[in-house]
Amino acid sequence: MPMSFNLNVIEEFRANGGRVGGPFEGGDLLLLTTTGARSGRPHTAPLGYIRAEGLLLVVASAGGAPEHPQWYRNLLAHPVVRVELGTEAFDAVAVPAEGARRERLFAAVVRKAPGYGDYQARTDRELPVVVLERLEPPADGPAPVVVRSLADKLLEAHTWLRAQLRHVRQEAHAHAPGWQATLGLQLRQHCLAFCDGLTHHHTGEDSAIFPALARSHPELADVLARLDEQHRAIGRIKEELVALLARIAVTEPQRLRTELDRMSAELEAHLDFEEAELLPVLAGIPFPPTGPAPSGTTKSGTTTSGG
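Position one of the sequence shown corresponds to residue 0 (numbering that gives the first Met the number 0), numbered consecutively onward.
What follows is the structure in structure tokens.
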């Protein structure tokens with residue numbers, strides 16, 4: 000689809016609360032923003048969607064083209080995506096369905112939108128069916144953090160990281176004994192979503208928050224040095240985990256579980272130490288900033304919870 004056409008559809012969608020004319024008029028349409036697999040830049044595409052089994056689905060059909068669309072290759076590299084649906088916008092983890100689940104969902108898609116069956120008939124590749132899992136706090140988790148200060152923002156990010164890591168560990172431990180092949184992409188996407196969020200969080204701290212605290216609170220020098228060491232140690236574990244995920248079809252399940260357990264222990268110790276040492280200082284810094292940032296702390300230096 001020509002880029003200029005896509006841009007016009009995107010502008011019309013956003014200007015009219017999700018309603019568009021032309022070939023998409025009256026259809027179920029959403030905007031999906033992915034992170035470029037190579038560029039790291041955001042890319043937005045208008046896509047038809049289908050609801051089946053209580054799930055929000057998009058199909059990487061590309062009109063039956065022989066190659067997967069770029070947005071699909073992007074979400075394989077960076078699973079956390081932004082979804083605009085009507086007047087609503089939210090973050091989601093994009094998880095391609097596999098095996099029997101994919102067959103069942105694709106059949107449901109074709110029943111509601113037969114054109115996808117025609118697209119499948121045009122190509123030898125299996126059209127991916129992608130489940131967009133909305134990022135929401137777990138029902139059994141702590142209540143959402145009310146953000147009024149930079150300390151609250153830190154706790155919000157930590158709550159998200161803990162919940163995501165707990166989820167992927169439970170998923171790996173629950174399924175690893177039998178190790179169903181169809182779990183591969185699902186576990187991979189959830190793990191990568193956690194890794195992306197962890198990288199984003201630590202990058203924000205290393206590039207802005209920690210330097211600002213070093214200037215305004217020199218007494219924290221030893222604490223910040225220790226946090227920096229912890230970031231590097233966790234980063235090494237994360238890279239090992241990402242390498243295992245790249246070979247998830249052949250990765251030994253016990254090795255993956257061991258890495259997740261090691262990451263969990265290191266991260267929990269790091270988060271506990273960081274909260275104990277930094278929350279009292281960050282509690283005095285309003286968020287979002289209401290005026291000049293104290294002692295060099297900038298808005299760009301704050302973290303987000305979802306990546």
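Beta carbons: idealized from backbone N, C-alpha and C, even for Gly.
Bridge pairing for S148: P285 [DSSP]. At a Cβ-Cβ threshold of 9 Å, L28 and T43 do not count as neighbours.
No residue range can be given for E52, since it is assigned to no alpha helix (DSSP H) and is classified by DSSP as neither H nor E. DSSP lists R81 as the beta-bridge partner residues of D90.
Taking C-beta atoms as the reference points, R101 and E52 fail to come closer than 9 Å.
In the three-state DSSP reduction, T122 falls in the coil class, being neither helix nor strand. Taken through DSSP and simplified to helix, strand or coil, H216 comes out as coil. Assignment of beta-bridge partners to V58 by DSSP yields V128.
By a beta-carbon distance limit of 8 Å, G47 contacts G26. Their separation comes to about 6 Å. If you ignore the 5 residues before and after I9, its C-beta comes within less than 7 Å of the C-beta of L30, T43 and P45, all in its own chain and listed in chain order.
Q188 has its alpha-carbon roughly 11 Å from the corresponding atom of A245. Residue nearest to Q163 within the set A192, R147, A150 and S148 is A192 (criterion: CA-CA distance).
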